[in-house]
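Numbering (the working numbering), first residue to last: 55 to 653.
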Ligand SMILES: [Zn+2]
């Protein structure tokens, strides 16, 4: 068996459209990592789903006057359409509203309860006398008692990232009718974070050398300065997973408590759908397994503190409940490479103000790879970044079209014409040819080092630098002139360039999969590099849900070899007439796109 790699991707709330900030924050980096590790021949599983429960969904349903299930299904379908078009290779993209997820979340709840990591307590919660109901989380907004910013939700402040205790919120207002709620007593289950504080801190200390500093600051830093306190993990809400304890009817699990369990339940579902219900062990109870959590910075506390705390508390109990004879503990996160935020034209992205570039809307006018490229080269890995239409236009035309696309197109077109669609026989290569190929060969190592360290921005820049290097080589060797006097010399030049292009196809493929698949075909290869994405309907006790599934190509199927390396482009092999990989954009798009913003 190969190295298991679990790419665990943030679960979007099925209550709002997805914009470029969400894509560059979590979904795209996850896919780049997954594709890279797949090429290395590792056992990759990339999983996520729609977060279908909780107040984000019910608040939206209330405002539209429809049921929460209708809201979740609409957005779930939209997400799947977007992810398929963007080429995000989710081995499974499912939902939290499935029997499988209910079952596993319930098992984990029992594990934590039996292991003594849950307790009940009574606290004061906001209650609407008008509506005669409790108002959890997003139903109440007010001023954050840490940073003083207004518009903070009662469970978390988006401005400073702190998790909040609802009753301390300053100047609370109901989201439903803006009335001022009152505090009433209610009883909930709490996760005993104090009990696991030292273990969570140790887990973070063991990883602080290679984790991003902002993630360590928001997790270990917060534990060392403020300590951990018990947090309620149930809510007075009907939509969600019922608390599996007698007498607790009408309450459900807190959406954040159960959504993170999706990283485990989706792997179980994937195994079940593929006829191997025990497959989850390979990623979840195998100490060799590496789990990466691709998330935005607003989710750091849940992935770097709360989820590890749940996993520590569960220990071996889940495996035992699943029938293991020698139960093993669940593996803790290997890395949580959280990204910062992306702004738009110098201002904070805001969905409600329509100050956003929406994923599906963008794809109506542009191809997916230019978006993937711009979002990677501009990824907010260590600090906030900015989507700027002028820069998008420049990078598309100067880098994708002029540097990489044009390299491919002019070399393949020229060779196709003069060697009649056959890869030329180069004979003995010259020093300059060998020097270029040596340098390109090293590119695999440089780009891999960056990808292993989840430095995607640096990795794609290095790939583009390698393409520029081939252009420079061609400026000097100039086969377009060589051919007029010596076709054999020209054959050495075009063969060298085509060989480099074939390698660059692999190096670029995690970032630009759609165009690299096309190039794969132009170069005369059969089949696809990666495989394809399909959707399927799954029936269970809760109804039906759609899942997005990735079906790997033969060359990347389980047990495949490492293909992240040089391969020989065979002289004499037939290849196909190319077409341009990228479209040159007109300068007018900059003002047109800017005019759409905020409307
Ligand atoms: Zn705050």
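Where is the CB? At the ideal position from N, CA and C, for every residue including glycine.
Residue 275 has no beta-bridge partner at all, per DSSP.
The beta carbon of residue 106 lies closer than 6 Å to those of 68, 126, 149, 150, 151 in the same chain, with the five residues before and after it left out.
Residue 206 has its CB nearer than 7 Å to a heavy atom of ligand 1.
A direct Cα-Cα distance of roughly 7 Å separates residue 610 from residue 92. Residue 355 counts as buried, since at least 16 other C-beta atoms from the protein chains shown sit within 10 angstroms of its C-beta. Residue 206 has 196 as its beta-bridge partners, per DSSP.
Using a Cβ-Cβ distance cut-off of 8 Å, the stretch 251-259 and the stretch 321-341 are not in contact, since fewer than three pairs of beta carbons, one from each stretch, lie closer than that value.
As a beta-bridge residue in DSSP terms, residue 62 pairs with 101, 347. Three or more beta-carbon pairs separated by less than 8 Å link the stretch 579-590 to the stretch 126-145, which places the two stretches in contact. Listed in chain order, the beta strand (DSSP E) elements of length 3 or more contained wholly in the stretch 304-391 are 344-348. Each residue's CA atom was taken as its position, placing residue 131 and residue 146 some 14 Å apart. Here DSSP, grouped into helix, strand and coil, assigns residue 608 to helix. Judged by DSSP secondary structure, residue 557 falls within the alpha helix (DSSP H) whose first and last residues are 541-562. Burial check for residue 649: the Cβ neighbour count within 10 Å stays below 16, so the residue is exposed. Closest in alpha carbon position to residue 559, among 494, 526, 503, is 494. Per DSSP, residue 395 has no beta bridge partner at all. Note that the C-beta distance between residue 109 and residue 190 is below 8 Å. With a cutoff of 7 Å, residue 200 counts as near ligand 1, since its C-beta is closer than that to a heavy atom of the ligand. Residue range 510-531 is occupied by the alpha helix (DSSP H) that includes residue 530, with no beta strand (DSSP E) assigned at that position.
Taking 7 Å as the cut-off, one finds no heavy atom of ligand 1 near enough to the beta carbon of residue 451.
For the 8 Å CB-CB criterion, residue 639 and residue 451 form a contact. For residue 427, the uninterrupted alpha helix (DSSP H) segment begins and ends at 422-431. In this structure, ligand 1 has a non-hydrogen atom nearer than 7 Å to the beta-carbon of residue 213. Annotated three-state conformation of residue 507 is coil, per DSSP.
Here the distance from the Cβ of residue 203 to the nearest heavy atom of ligand 1 is below 7 Å. A residue is called buried once 16 or more other Cβ atoms fall within 10 Å of its Cβ, and residue 556 is buried on that count.
Taking a contact as a CB-CB distance under 8 Å, the pair residue 321 and residue 302 does not count as one, their CB atoms being some 28 Å apart. The C-beta of residue 535 has fewer than 16 other C-beta atoms within 10 Å across all chains shown, which makes the residue exposed. Here residue 625 is near residue 478, since their CB atoms are less than 8 Å apart. At least 8 Å separates the beta-carbon of residue 405 from that of residue 64. DSSP places residue 136 inside the alpha helix (DSSP H), whose first and last residues are 122-140.
Taking the CA atoms as reference points, residue 402 sits about 29 Å from residue 308. Residues 598, 600 of the same chain have their beta carbon placed closer than 7 Å to that of residue 591, with the five preceding and five following residues left out of the count. The three-state reading of DSSP puts residue 448 in helix, counting H, G and I together.
When the alpha-carbon of residue 636 is set against those of 455, 643, 283, the nearest one is in 455. If only complete runs of 4 or more residues are kept, the stretch 235-282 shows the alpha helix (DSSP H) at 247-259, 267-280, in order along the chain.
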